[in-house]
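First up is the structure itself, then whatever we jot down about it.
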Amino acid sequence: MRVADSSHGVERIEARFHGNAFSPHRHDTYRLGLTLHGLQTFRYRGVERFSNAGNVIVLHPDELHDGAAGTDDGLIYRMIYLPPDLISAVDGHRTGLPFVPDPVLADEGIRQALGDILADLDEQLSDLLMDDVVMRLAAGLSRQAGTPGKTLTPSARSAVLRARDLLEDRCAAPVSSRALEAETGLDRYELARQFRRLMGTSPHRYLVMRRLERAKRSMVEGQGLAAAAADAGFADQAHFTRHFRKTFGITPGRWLAIRIPSTEKANPVLSTGR
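And the structure:
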């Protein structure tokens, strides 16, 4: 698996594998990608899905899925992990996230937007490029969703963004529902509803993901698993490993072992739409 340097909060990967690759897991980001070679199979929202080379894949935040190669020829795909906050920011956080019911698409607009940032994983993404790509992806998701997301009131939007900021700032420390209520002025149940509408996941899952991302950065920098787990706010290494496997479908050690620096070139497999 090749992993590009994270930029603008977006992670880009290329995966090549045979057989079953990932056990059921979920993310708090959109996963938007392109199948480049082979047949990609995955179970999503209770249905077995199939993506051939050239198809676009759209997986929503917090939706359980797995992943496998559908033939003996193996599988190559490239994908981005896109924070929902970037999509909702396109319209000023005024509406909830668009939901695309079909995860396998033949949408040329989305394909070209993804091609612009996936064609070269070594390319540093500029602000101008990312702004353009995010705008086009948001438009494509809304087009495929067919119906606009529900509008959030300004007060609800502000409360969710304050909760998000608190969870990010204090991700390595315990955060209680009472603290979020005090910060936002919403009761915990209303906050949970509004948070999911705008961020695509629950406050708890958002906090766990921030801890996991912090631990991943520490591991890449050479920190041991136990130290990375403690620094990120997990009770111990076992607690960290359980959450990591539940979220990413593999163990932390396996994830670290299969990472290949993006500067290690692979054969070109994707043409850009630019």
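Numbering of the sequence shown is given in our numbering, commencing with residue 113 and proceeding in unit increments.
Backbone N, C-alpha and C fix where the C-beta goes; we use that ideal spot for every residue, glycine too.
These figures come from a predicted structure and were not determined experimentally.
In chain order, what residues of the same chain have a beta carbon less than 7 Å from the beta carbon of residue i, not counting five sequence neighbours either side?
i       : result
Glu-160 : Thr-153
Ala-250 : Ile-199, Val-202
Leu-164 : Reading the sequence as shown, one finds Asn at residue 164 and not Leu. For Asn-164, where only same-chain residues beyond five positions count, the Cβ hits under 7 Å are Thr-147, Leu-151.
Ser-289 : Arg-300
Gly-77  : Nothing about residue 77 can be reported from this structure: the residues present for the chain run from 113 to 386 only.
Thr-353 : Thr-363, Pro-364
Quick check: residue i and residue j, are their CB atoms within less than 8 Å of each other?
i       : j       : result
Thr-141 : Pro-195 : yes
Thr-137 : Tyr-193 : Here residue 137 is His; the residue named in the question, Thr, does not match the sequence. It is not a contact, given that the beta carbons lie outside the stated cut-off.
Glu-295 : Ala-275 : yes
Ala-181 : Gly-150 : yes
Asp-219 : Gly-252 : yes
Gly-312 : Asp-203 : no
Gln-256 : Leu-198 : no
Thr-263 : Thr-207 : yes
Leu-292 : Leu-273 : no
Leu-187 : Phe-129 : yes
Pro-315 : Leu-324 : no
Arg-357 : Thr-363 : yes
Whose C-beta lies closer than 8 Å to the C-beta of residue i among residues of the same chain, with five residues either side of it excluded?
i       : result
Glu-280 : Arg-322
Leu-393 : Only positions 113 to 386 of the chain appear in the structure, and residue 393 is not among them; the question remains open.
Thr-359 : His-137, Arg-138, His-139, Val-320, Met-321, Leu-324
Smallest Cα separation from residue i: which of the options?
i       : options                            : result
His-351 : Gly-334, His-137, Val-320, Gly-297 : Val-320
Arg-114 : Leu-230, Ala-304, Arg-274          : Leu-230
Glu-235 : Ile-125, Ser-270, Ala-369          : Ile-125
Val-212 : Phe-346, Arg-143, Gly-227          : Arg-143
Val-347 : Asp-299, Ala-285, Arg-366, Arg-290 : The sequence given here has Ala at residue 347, not Val. Ranking the options by Cα distance to Ala-347, first place goes to Ala-285.
Ser-200 : Ser-238, Leu-146, His-120, Leu-310 : Leu-310
Glu-123 : Met-191, Leu-171, Met-247, Phe-162 : Met-191
Gly-221 : Leu-176, Val-168, Asp-185          : Val-168
Phe-307 : Tyr-156, Leu-209, Ala-165, Leu-187 : Leu-209
Gly-121 : Arg-326, Ser-314, Pro-215          : Arg-326
Asp-214 : Val-170, Arg-248, Leu-176          : Val-170
Arg-155 : Arg-371, Ala-165, Asn-132, Leu-148 : Asn-132
Asp-185 : His-316, Leu-148, Ser-314, Arg-157 : Leu-148
Tyr-318 : Ser-238, Thr-363, Arg-282, Thr-353 : Arg-282
Arg-329 : Asp-244, Trp-367, Arg-248, Tyr-189 : Trp-367
Leu-226 : Phe-162, Ser-270, Val-246          : Val-246
Asp-243 : Phe-162, Ala-341, Ser-119          : Ser-119
If you drop the 5 nearest sequence neighbours on each side, which residues of the same chain put their C-beta closer than 6 Å to that of residue i?
i       : result
Arg-134 : In the sequence as displayed, the identity of residue 134 is Phe instead of Arg. Excluding residues within five positions, the ones whose Cβ falls inside 6 Å are Asp-178, Gly-179, Gly-361.
Phe-254 : Here the sequence assigns Ser to residue 254, which means Phe is not the residue at that position. Once the five neighbours on either side are set aside, the close Cβ partners of Ser-254 are Pro-210.
Leu-298 : Ala-271
Checking contacts by CB at 8 Å: is residue i closer than that to chain C?
i       : result
Leu-264 : Going by chain labels, chain C is absent from the structure shown, which holds only one protein chain.
Just checking residue i against the ligand ATP - is the residue's beta carbon closer than 7 Å to any of the ligand's heavy atoms?
i       : result
Ala-116 : As for the ligand ATP, it is missing from this structure, which has no ligand bound.
3-residue-minimum beta strand (DSSP E) runs that sit fully inside the segment 183 to 207, ordered along the chain: For the segment 183 to 207, whole beta strand (DSSP E) runs of length 3 or above, ordered along the chain, are 187 to 194.
Unbroken stretches of the alpha helix (DSSP H), 4 residues or longer, contained in the segment 264 to 323: Listed in chain order, the complete alpha helix (DSSP H) runs (minimum 4 residues) inside the segment 264 to 323 are 266 to 281, 289 to 296, 300 to 311.
Beta strand (DSSP E) runs wholly inside the segment 226 to 263, at least 3 long, in chain order: Taking only runs of at least 3 residues, no beta strand (DSSP E) segment lies wholly in the segment 226 to 263.
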